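Just so we're aligned, residue 1 is where the sequence shown starts under the working numbering, counting upward by one.
Glycine is no exception: its CB is placed at the ideal position from the N, C-alpha and C atoms.
Please read these numbers as outputs of a predicted model, since none were measured by experiment.
Just below is one structure, and these are the notes that go with it.
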Amino acid sequence: MSTLLVSSLCPFDTTNDVIFSRADFAAIANIVYSESGNVYTDGKATLVYSRLTPRLRIHRTDSFAEYIKLVTKDADERRVMVNLLTTNHTYFYREAHHYDHFIETMRPELIDKAMRGEPVRIWSAGCSSGEEVYSLGMALLGESRSEGLRIAAKDIRFLASDLADHAIEKARAAKYAKSALAPVPADLRNHWTKSDGDDAIIAPTVQNLMRFRSLNLLHQWPFDGLFDAIFCRNVMIYFDTATKEQLLLRFAQQLAPSGYLYIGHSERLSGPAEAYLTAVGKTIYQRTT
Ligand SMILES: C[S@@+](CC[C@H](N)C(=O)[O-])C[C@H]1O[C@@H](n2cnc3c(N)ncnc32)[C@H](O)[C@@H]1O
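This is the structure:
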C-alpha cells in the first residue's frame with residue numbers, strides 16, 4: 001500500500017482530512033510531465049498538495065485519488081491543474097546582462113530594420129506575467145521619448161506566450177506595483193510607464209507592441225515567419241534533457257539568420273541546436289547557419 005504523505009508534507013495541516021499518497025503524487029507528476037514537459041521530483045509534493053487542495057474542495061472530495069480520476073477524464077480540469085502547478089516567478093529586468101546585450105547589439109540592428117520598413121519580431125517564450133517582455137519593449141523604445149514614438153510606429157511586434165492562463169491575464173493587465181519596476185533604468189521607466197497610486201501602468205505605446213497568447217511550447221507553433229530574437233529564460237530548467245534539446249532545436253530553426261536566442265542563467269545549449277547556434281555572450285546565442 002502506498003504511504004500517506006500528508007502528515008510529513010503538510011505539518012501545518014492539523015486536520016489531515018485530505019488523502020494524498022506517494023502514488024497520487026506520482027500520478028500527478030506524470031500528468032504534468034506529459035502535458036507540459038515539467039519534471040516534478042519528490043521535493044515538489046508539498047507544493048502539489050497546497051496548490052491543489054483548494055481544487056479538491058471545489059470538487060467536494062477529500063481524496064487526491066478521486067481528483068486524479070477527474071483530471072484524467074476532464075480536459076478542462078486537467079488544464080486548470082497544470083496551470084496551477086506552473087512556476088511563474090519572474091521580475092523586471094531579470095538577468096540585466098541580456099538587456100545590455102539587447103540594447104547595445106540588437107537594438108541598433110532592429111531599429112535600422114524597422115526604419116527600412118521591414119518587420120521586427122521578438123518572442124518571449126514562457127513570458128509568465130509579462131515583466132520580461134515589457135522590459136524588452138521599454139528597452140527597444142529607449143531613453144528618448146520622441147525616438148521611441150517613431151520606433152513604435154513601425155512594424156514591430158513582441159509575441160509573449162505562456163502555458164499559464166492566469167499569468168497571461170496578469171500580463172495583459174499591464175499593471176504592476178511601482179516597487180516591481182525598480183530594476184528598470186529610470187529613463188525607461190519614466191517614459192514608458194505611468195503612475196497609478198502605488199502601481200505603475202505600462203504605457204499604451206509599449207502595450208500596443210505586444211501580442212499575448214496562451215501557447216504550450218510542446219505543441220505546434222502557429223507562426224508563419226521567423227523571429228529576430230527569442231527569449232526563453234528560466235523555462236527549460238524544469239524540463240528533462242530530451243525535451244530541452246528538442247525545444248532548443250525548434251527555437252534555433254524559428255530564428256531568422258543572425259537572430260539571437262537568450263536562455264536563462266542556469267541553462268545551457270546542448271544537442272542538435274548546437275549546429276545552428278554560436279555562443280556570443282553569457283547564455284546568448286546567434287543563429288549562424
Ligand atoms: C519561471 S517563469 C520564467 C518567466 C520569464 N521568462 C523569466 O525568465 O523571468 C517560467 C514560465 O514558463 C511557463 N511554462 C512552463 N512550461 C511551459 C510550456 N510547456 N509551455 C509554455 N510555457 C511553459 C510557466 O507557466 C512559467 O510562467
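Given 8 Å as the limit, is there contact between the segment 134 to 153 and the segment 45 to 59, that is, 3 or more CB pairs closer than that? With a cut-off of 8 Å, the segment 45 to 59 and the segment 134 to 153 do not count as touching, because too few Cβ pairs lie within range.
Are there any heavy atoms of ligand 1 lying less than 6 Å away from the beta-carbon of Glu-245, as far as the coordinates show? Here residue 245 refers to the residue found at position 245 of the sequence shown. For ligand 1, no non-hydrogen atom lies closer than 6 Å to the CB of Glu-245.
Would you call Glu-169 buried or exposed, if buried means 16 or more other Cβ atoms sit within 10 Å of its Cβ? For the purposes of this step, residue 169 is taken as residue 169 along the sequence shown, with counting starting at 1. Exposed, because fewer than 16 other Cβ atoms sit within 10 Å of the Cβ of Glu-169.
Under the three-state DSSP convention, the category Phe-102 falls into: Taking the sequence shown and counting its residues from 1, one reaches residue 102 at position 102. In the three-state scheme derived from DSSP, where H, G and I count as helix and E and B as strand, Phe-102 is classed as helix.
Can you tell me whether DSSP reads Gln-246 as helix, strand or coil? For this step, residue 246 is matched to residue 246 along the sequence shown. Taken through DSSP and simplified to helix, strand or coil, Gln-246 comes out as helix.
For the beta strand (DSSP E) that contains Arg-213, what are its first and last residues? Position 213 of the sequence shown, counted from the first residue, corresponds to residue 213. Per DSSP, Arg-213 belongs to the beta strand (DSSP E) from 210 to 214.
Go to Gly-259, then tell me how far its beta strand (DSSP E) extends in each direction, as first and last residue. Along the sequence shown, read from residue 1 onward, the residue named residue 259 stands at position 259. Run containing Gly-259: 255 to 263, per the beta strand (DSSP E) assignment.
Uninterrupted alpha helix (DSSP H) stretches inside the segment 114 to 153 (no shorter than 4 residues): List check, alpha helix (DSSP H) in window: 131 to 141 and 145 to 152.
For Ala-23, the first and last residue of its enclosing alpha helix (DSSP H): On the sequence shown, residue 23 is found 23 positions in, with the first residue counted as 1. Looking at the DSSP string, the run of the alpha helix (DSSP H) that includes Ala-23 is 22 to 36.
Given the structure, does His-89 come close to ligand 2, in the sense that its CB is under 6 Å from one of the ligand's heavy atoms? With respect to ligand 2, the structure offers nothing, as its ligand set consists of ligand 1.
State yes or no: is the C-beta of Phe-64 within less than 7 Å of the C-beta of Phe-20? For the purposes of this step, residue 64 is taken as the residue at position 64 of the sequence shown. For the purposes of this step, residue 20 is taken as the residue at position 20 of the sequence shown. Between Phe-64 and Phe-20, the CB-CB gap stays under 7 Å.
In the DSSP assignment, what are the bridge partners of Ser-161? Walking along the sequence shown from the start, residue 161 turns up at place 161. As a beta-bridge residue in DSSP terms, Ser-161 pairs with Ala-125 and Arg-213.
Compute the minimum distance between the beta carbon of Asp-100 and the heavy atoms of ligand 1, and state whether it is under 6 Å. Taking the sequence shown and counting its residues from 1, the one referred to as residue 100 is at position 100. No, ligand 1 has no heavy atom inside 6 Å of this Cβ.
Should Gln-220 be labelled buried (16 or more other beta-carbon atoms within 10 Å of its own) or exposed? For the purposes of this step, residue 220 is taken as residue 220 along the sequence shown, with counting starting at 1. Result: exposed.
Counted within 10 angstroms of its Cβ, other Cβ atoms place Met-236 as buried (16 or more) or exposed: In the sequence shown, residue 236 corresponds to position 236, counting from 1. Buried, since its Cβ has 16 or more Cβ neighbours within 10 Å.
Between Arg-268 and the rest of its own chain, which residues show a CB-CB distance below 8 Å, the 5 nearest in sequence each way excluded? In the sequence shown, residue 268 corresponds to position 268, counting from 1. Once the five neighbours on either side are set aside, the close Cβ partners of Arg-268 are Thr-283.
How would you write the range of the alpha helix (DSSP H) that Gln-207 sits in, first residue to last? Position 207 of the sequence shown, counted from the first residue, corresponds to residue 207. Boundaries of the alpha helix (DSSP H) around Gln-207: 204 to 207.
Classify Ser-50 as helix, strand or coil using the three-state DSSP reduction. Translated into positions along the sequence shown, residue 50 becomes position 50. Ser-50 falls in the helix class under three-state DSSP.
N-terminal and C-terminal residue of the alpha helix (DSSP H) that Asp-369 is part of: Because the chain in this structure spans residues 1 to 289, residue 369 falls outside the shown range and cannot be described.
I'd like the list of long-range same chain contacts for Gly-281, defined as Cβ closer than 7 Å, with 5 residues on each side in sequence excluded. Mapped onto the sequence shown, residue 281 falls at position 281. Closer than 7 Å at Cβ, skipping near neighbours: His-101.
Can a CB atom of chain D be found closer than 7 Å to the CB of Thr-193? In the displayed structure, chain D is absent; only one protein chain is listed.
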